[in-house]
Structures are given as C-alpha cells and as structure tokens.
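A short worksheet on the structure shown next.
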Amino acid sequence: MTEASALTEAVPSVLVVDDEKNIRRTLSMVLTGEGFKVLEADSAERALEVLSDPEQPVDVAIFDLKLPGMSGLQALEKVRADEATKHIPVVVVSGHATVHDAVLAIKLGASDFFEKPLSRERVLVSVQNAIRTARLSRTVERMRAELEARYEMIGTSAPIQKLFAEIDKVAPTKASVLITGESGTGKELVSRAIHRLSPRKDAPFIKVNCAAIPRELIESELFGHERGSFTGAQGRKRGFFEQAHGGTLFLDEIGDMDLTAQAKVLRALQNGEVVRVGSEHVIHVDVRVLAATNKDLSKEVQSGTFREDLFFRLDVFPMRVPALRERRLDVPLLAAAFVSSFCQENGLREKKIDPGVFEALQRRKFPGNVRELKNVVERAAILSSDVITVADLPEDPHLSPFEDEHESEAEDSMHPSLTTPLPKVPGAQLTLREFREGAERTYIVDTLKALDWNISKAAVVLGVERTNLHKKIRAYGIKRGDA
Ligand SMILES: Nc1ncnc2c1ncn2[C@@H]1O[C@H](COP(=O)(O)OP(=O)(O)OP(=O)(O)O)[C@@H](O)[C@H]1O
Ligand SMILES: [Mg+2]
Numbered sequence: 023m024t025e026a027s028a029l030t031e032a033v034p035s036v037l038v039v040d041d042e043k044n045i046r047r048t049l050s051m052v053l054t055g056e057g058f059k060v061l062e063a064d065s066a067e068r069a070l071e072v073l074s075d076p077e078q079p080v081d082v083a084i085f086d087l088k089l090p091g092m093s094g095l096q097a098l099e100k101v102r103a104d105e106a107t108k109h110i111p112v113v114v115v116s117g118h119a120t121v122h123d124a125v126l127a128i129k130l131g132a133s134d135f136f137e138k139p140l141s142r143e144r145v146l147v148s149v150q151n152a153i154r155t156a157r158l159s160r161t162v163e164r165m166r167a168e169l170e171a172r173y174e175m176i177g178t179s180a181p182i183q184k185l186f187a188e189i190d191k192v193a194p195t196k197a198s199v200l201i202t203g204e205s206g207t208g209k210e211l212v213s214r215a216i217h218r219l220s221p222r223k224d225a226p227f228i229k230v231n232c233a234a235i236p237r238e239l240i241e242s243e244l245f246g247h248e249r250g251s252f253t254g255a256q257g258r259k260r261g262f263f264e265q266a267h268g269g270t271l272f273l274d275e276i277g278d279m280d281l282t283a284q285a286k287v288l289r290a291l292q293n294g295e296v297v298r299v300g301s302e303h304v305i306h307v308d309v310r311v312l313a314a315t316n317k318d319l320s321k322e323v324q325s326g327t328f329r330e331d332l333f334f335r336l337d338v339f340p341m342r343v344p345a346l347r348e349r350r351l352d353v354p355l356l357a358a359a360f361v362s363s364f365c366q367e368n369g370l371r372e373k374k375i376d377p378g379v380f381e382a383l384q385r386r387k388f389p390g391n392v393r394e395l396k397n398v399v400e401r402a403a404i405l406s407s408d409v410i411t412v413a414d415l416p417e418d419p420h421l422s423p424f425e426d427e428h429e430s431e432a433e434d435s436m437h438p439s440l441t442t443p444l445p446k447v448p449g450a451q452l453t454l455r456e457f458r459e460g461a462e463r464t465y466i467v468d469t470l471k472a473l474d475w476n477i478s479k480a481a482v483v484l485g486v487e488r489t490n491l492h493k494k495i496r497a498y499g500i501k502r503g504d505a
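The opening position of the sequence shown corresponds to residue 23 in the numbering used here, with each subsequent residue numbered one higher.
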C-alpha cells in the first residue's frame, strides 16, 4: 500500500464536482463537519484531472449531473473506463432528475443517485456507504489475490475454502494423500499446491501418469532398471521413486495401475526401499506419495482390482475435490480469470464479459468441470468481438430445461434457482392479484438482475425504500440468480 492511500484509510477524502459555488460550499461544510477531507472541482474536466492525480487519492466523488462542458454522466463513464480511477465510487446528484437519468447513472456504475435539494443525512449516508463498499471490495480483491498466489487455484466458495484449509493441514506432514474427484476438477493442482507448501518444496515433484504407461513398463519406470535387464532396456535408469528422493511423487490415475505394480508400490511405501529391475541392490528412498484418481477406489477394492492394503496406505488423508456444480459461486471468477489469461497469452486485447454470460455459465452442468469451463470460455473469447456475450457460448449439450440440479446445491447459497415465469397470456386460472404479484416479482427480479443484485441501487430505480424492497424480496422468495 502506498503512503498516500494509507493516509486516506484514516481520513477519507471526497471530491465535490459542481459548477455552482454555493452547492460546493454547502457540501464541503457538511462533509468537513463529519471529518472528511474535501476537494472541489467546478467542471467534469477539472474533476478528471484531480481523480487521476496519484498524489491526491480520492475515496468518493460526488458529480452534479448537469455541468458546463462534459456532463456528469459522461465523466462517470470515463471514471469507470479508466484503470486508474475505476475503483473510485461516484455518487450522482441532479437538480431535476428523470427516472431515465437515474437508471442510466446506476447502469453506468454510479454507486448512488439523488436529487437536490440535498439532505444532509442523505449525503452522509450515501458517502459513507460508498466508502464502505469500496473498501470491502478492495479487501475481497486482496484476499482473492492472496489465495491465488498461495494455492495457484482460483475460488472463494465455501467448498473450495474447505479444500484450501485441508491443503494447509496436510502439506507440512509426510502423510500420503489420496485425492479423488471427477475429471477436470483440479486434482493435479491440489497435488502441486501440497508439494509447494510442504518442507519438500525445493526438492523434485515428480508426476507419473499411471494410465499412460504400458503395464509391462510401469515397473521399470517407477523403480528403474539395470542395463540389459529386459529387451529394450538400454543403459541403466533411475526410476521415478529415485528421482523423487527428498521430494514428492504424484501417482496420477492410480486406479489404472495393475495389481503387480501395486504390490511393489506398497513395498516401496512401507519400507522406503526400491530395487531396480535386474538388480538386487536395495536403494533407500525418502519420498512422499500423493495419489489421484477419478475412480471410486473402495469399489475397486471390493471388485478385486485394487489392493486393499495399498488403498489403506494411500488413504491416510483422503481429499475430495468438489465438482464445479457444487461451487457455482466460483464460476464467474474462474471464467474471468481464464478469459483474461487467454487474451494475454494470445496477444489479444483484454475482452469484457457480459454479466449474462456469468449467469448462463452458472446454470450449466459442466460434467468436465473446470477444464470444460476453461475450454468453453476460451472458445467464446476467440469467437467474440470486444465483449463476450451469451451468443458466443457454445450450446450446452447437457441442458435439459425441466431438470434442475439438486446435487449438493446446499453448500452454495448463490446459485440460480427455479423461477416462476410470468405467463405470456394470463389465463382464467389466475386471479388479478396473482397476476399482479407475478408481474411485480418478475419486474423486481429483472431490475435486480440489471443492477447486479445491488439492492440499494434497485430500491432507487424502483422508487421504494430499501427496507420495503427487502420485505418484498423475502415475501416473493426471490433469490440471487433468479431469472
Ligand atoms: N481452482 C482452479 N483454478 C484455476 N484453474 C483450475 C482450477 N481447477 C482446475 N483448473 C484448471 O482446470 C484444468 C484441469 O485441472 P486438473 O488437471 O488439475 O484436473 P484433474 O482433476 O487432475 O483432471 P483429470 O481427472 O482429468 O486428470 C487445468 O487446466 C487446471 O489448470
Ligand atoms: Mg489430472
């Protein structure tokens, strides 16, 4: 944190933009009286100069709508579009506002909108809320960045946080870990995070894909061989266990390893000893083993294709990586991150994502989990113009309109739920009241959606008190994500 912004955390500063000197003076008095530092500008052009001055950090800007030259709304658009100023909340004030102005201001990203004559209370509440919200989102952003740096995985949902906590617990130990989870959920990333956060981090991390090695070669790959020990064995070779000495061996797709190899792996784990193929010499190895599979190993044990003793040996610390549909909250974060890094890697201009895309993605089933999400958004990034829209998404092959996902939704509170659609032709089966309520509900949901579920903004647009809107939301059972 720079010194300048550290200072603003203590004394928040407000920029007041109005061409009328009296208004500036009044606002200045009210705000200074509450301990704010106040800066003034008499035009939008001057205000933009102040906002982009790093020496003078501004916590909130209050813009008059009508200004000589550039209007308050045009300035708002510029503030939002500029990387250096887009985090600054803007409150828009108007002398004679129309609903259209208010909606437009909120749509352009104003944090609040109100009319003159100014009420002291209204101004203070609005400024304080804007500051609080901006600080909160900065904190969330910082936490998110810290998590990403630590685990090299993206996610803030409850299930992924639980997984991060498990990684923290097990990483410092030498315990074997069995990582299970559907295909594409991030099992490999988990294993890498465990290694990176362990005392072995500077020693090798060796990954072995057990499914990709032919069964007649797996033994020599894992344990090494001496020259001429079998046909095709040219020279001596250190196996993966030896290569991972002091570090971590990641046995990926362990469910595909055959029984003979399983027996040898068990011996290596129990005694910390390996013997190269064609040799009698015992080599001591210090290796931590992590294993991953998308199979249910306890079932494989029952059917006799997996050794029970090896299963217990690996399953000392079982970890289950949740499917993406169990953590829909992470979908927008993941999608935005994948698009951003895809654009960077391919020298494309950073593309924006229409909010409708996030909603559409959160509704998908994603049997291929994070990997599938990544493919879908990268494809959309290739196809789209500057803004990725729903039309750029491939059709969902797994979509069935009447089937809803009930799997383990309880864990995530912000998933889309079924909605009551407004009937196109109100038939005789509806009373007038039912129709009216249906229409009201739909209108509230649409407004909330358009405003990114910001209840304060929606209350402004709908012309009701916040508390009143809350009541209606509860009464109609409206949930974030309702469409
Ligand atoms: N939380 C996450 N944050 C960022 N990227 C992720 C996350 N989870 C998975 N990925 C990405 O998704 C892809 C699949 O992840 P990974 O290979 O770890 O999955 P897996 O469970 O090992 O899959 P499989 O069972 O098919 O081997 C990779 O490109 C990975 O980088
Ligand atoms: Mg994998």
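We put the CB at the ideal spot given by N, CA and C, even for glycine.
Query raised in the report: Rounded to the nearest angstrom, how far is the Cβ of A66 from that of Q96, given a contact under 8 Å?
Result: Cβ atoms of A66 and Q96 come within 8 Å of each other, at about 7 Å.
Query raised in the report: For ligand 2, any of its heavy atoms closer than 8 Å to the Cβ of D274?
Result: The answer is yes for D274.
Query - Closer than 8 Å: A359 CB and nearest ligand 2 heavy atom - result: Checking every heavy atom of ligand 2 against the Cβ of A359, none is found closer than 8 Å.
Query raised in the report: With DSSP run on the structure shown, which of helix, strand or coil describes L383?
Result: It is helical.
Query raised in the report: At what residues does the alpha helix (DSSP H) containing E67 begin and finish?
Result: Counted as a single uninterrupted DSSP element, the alpha helix (DSSP H) harbouring E67 occupies residues A66 to L73.
Query raised in the report: Between E330 and the rest of its own chain, which residues show a CB-CB distance below 6 Å, the 5 nearest in sequence each way excluded?
Result: Same-chain partners within the cutoff: V323.
Requested in this report: Count the other CB atoms, across all protein chains shown, that sit within 10 Å of the CB of M175; report buried if there are 16 or more and exposed otherwise.
Outcome: Classification for M175: buried.
Query raised in the report: Could you give the distance in angstroms between the alpha-carbon of F85 and the alpha-carbon of L126?
Result: When rounded, the separation of the alpha-carbon atoms in F85 and L126 is 14 Å.
Query raised in the report: Given 8 Å as the limit, is there contact between the stretch 212-232 and the stretch 360-372, that is, 3 or more CB pairs closer than that?
Result: The answer is no - the stretch 360-372 does not touch the stretch 212-232, with fewer than three Cβ pairs under 8 Å.
Query - Reduced DSSP secondary structure (H/G/I, E/B, other) of T441 - result: In this prediction, T441 has a pLDDT of 36, which is less than 50 and means its spatial position is unreliable; nothing more can be read from the coordinates.
Query - Residues bridged to K259 [DSSP beta-bridge criterion] - result: Paired residues: H247.
Requested in this report: Along the beta strand (DSSP E) that carries T178, what are the first and last residues, could you check?
Outcome: Careful: T178 lies outside any beta strand (DSSP E) and carries neither H nor E.
Query - I176 beta carbon near ligand 1 (any heavy atom closer than 8 Å) - result: Checking every heavy atom of ligand 1 against the Cβ of I176, one is found closer than 8 Å.
Query - For A234 and F334, the rounded distance between their alpha carbons - result: Rounded to the nearest whole angstrom, the C-alpha separation of F334 and A234 is 24 Å.
**Report entry** Short Cβ contact (9 Å threshold) for I276 with L336
**Finding:** Taking 9 Å as the cut-off, the beta carbon of I276 is found closer than this to the beta carbon of L336.
Report task. Have a look at L332 and A283 and give me their C-alpha separation to the nearest angstrom. Result -> C-alpha separation (whole angstroms): 11 Å.
Query - Best match in R385, V412, K396 and E394 for proximity to D504 [C-alpha to C-alpha] - result: The residue with the shortest Cα to Cα distance from D504 is R385.
Query raised in the report: Can you name the residues that DSSP bridges to S35?
Result: For S35, which the question treats as bridged, DSSP gives the partners K59.
Query raised in the report: What do you reckon, is the C-beta of E204 under 8 Å from a heavy atom of ligand 2?
Result: The answer is no for E204.
Requested in this report: Take G131 as the anchor and find which of D474, I495 and S198 has the nearest alpha-carbon.
Outcome: The alpha carbon of G131 has as its nearest neighbour, out of D474, I495 and S198, the alpha carbon of D474.
**Report entry** Heavy atom of ligand 2 within 8 Å of E210 beta-carbon
**Finding:** Taking the Cβ of E210 as the reference point, at least one heavy atom of ligand 2 falls within a distance shorter than 8 Å.
**Report entry** According to DSSP, residues forming a beta bridge with N231
**Finding:** According to DSSP, N231 shares a beta bridge with D274.
Query - Backbone secondary structure at I495 - three-state DSSP - result: Note: I495 maps to helix in three-state DSSP.
Query raised in the report: For the stretch 184-221, which segments carrying the alpha helix (DSSP H) assignment without a break, of at least 4 residues, lie completely within its bounds, in sequence order?
Result: Residue ranges of uninterrupted alpha helix (DSSP H) with 4 or more members, entirely inside the stretch 184-221 and ordered along the chain, are 209-218.
Query raised in the report: Taking the Cβ atom as the reference point for each residue, do L73 and V36 lie within a distance shorter than 9 Å?
Result: Not closer than 9 Å, so no.
Query raised in the report: Pairing CB atoms from the stretch 160-177 with CB atoms from the stretch 135-148, are three or more of them under 8 Å?
Result: Under the Cβ criterion (8 Å, minimum of three pairs), the stretch 160-177 does not count as touching the stretch 135-148.
Query raised in the report: S116 to L87, Cα distance in whole Å?
Result: Rounded to the nearest angstrom, the gap between the Cα atoms of S116 and L87 is 5 Å.
Query raised in the report: When every heavy atom of ligand 1 is checked, does at least one fall within less than 8 Å of the C-beta of T207?
Result: Checking the Cβ of T207 against ligand 1 gives yes.
Requested in this report: Using the DSSP secondary-structure output, state which residues sit across from H16 in a beta bridge.
Outcome: What is shown of the chain runs 23 to 505, which leaves residue 16 out entirely.
**Report entry** Cβ pair count under 8 Å reaching 3, the stretch 90-105 against the stretch 461-473
**Finding:** No, because fewer than three Cβ pairs between the stretch 90-105 and the stretch 461-473 fall closer than 8 Å, the two stretches do not touch.
Query raised in the report: What number of angstroms, rounded off, separates the C-alpha of E241 from the C-alpha of P194?
Result: Roughly 29 Å between the two C-alpha positions.
Requested in this report: Would you give the residue range spanned by the beta strand (DSSP E) that E295 belongs to?
Outcome: Run containing E295: E295 to V297, per the beta strand (DSSP E) assignment.
Query raised in the report: Among all the DSSP beta bridges, which residues are the ones paired with I84?
Result: Answer is V38 and V113.
Report task. State the DSSP-derived secondary structure class of L415, mapped to helix, strand or coil. Result -> In this structure, L415 counts as coil in the three-state DSSP scheme.
Query raised in the report: Where does E400 fall in DSSP's three states?
Result: If DSSP states are grouped into helix, strand and coil, E400 belongs with the helices.
Report task. Please state whether DSSP places I410 in a helix, a strand or coil. Result -> Annotated three-state conformation of I410 is strand, per DSSP.
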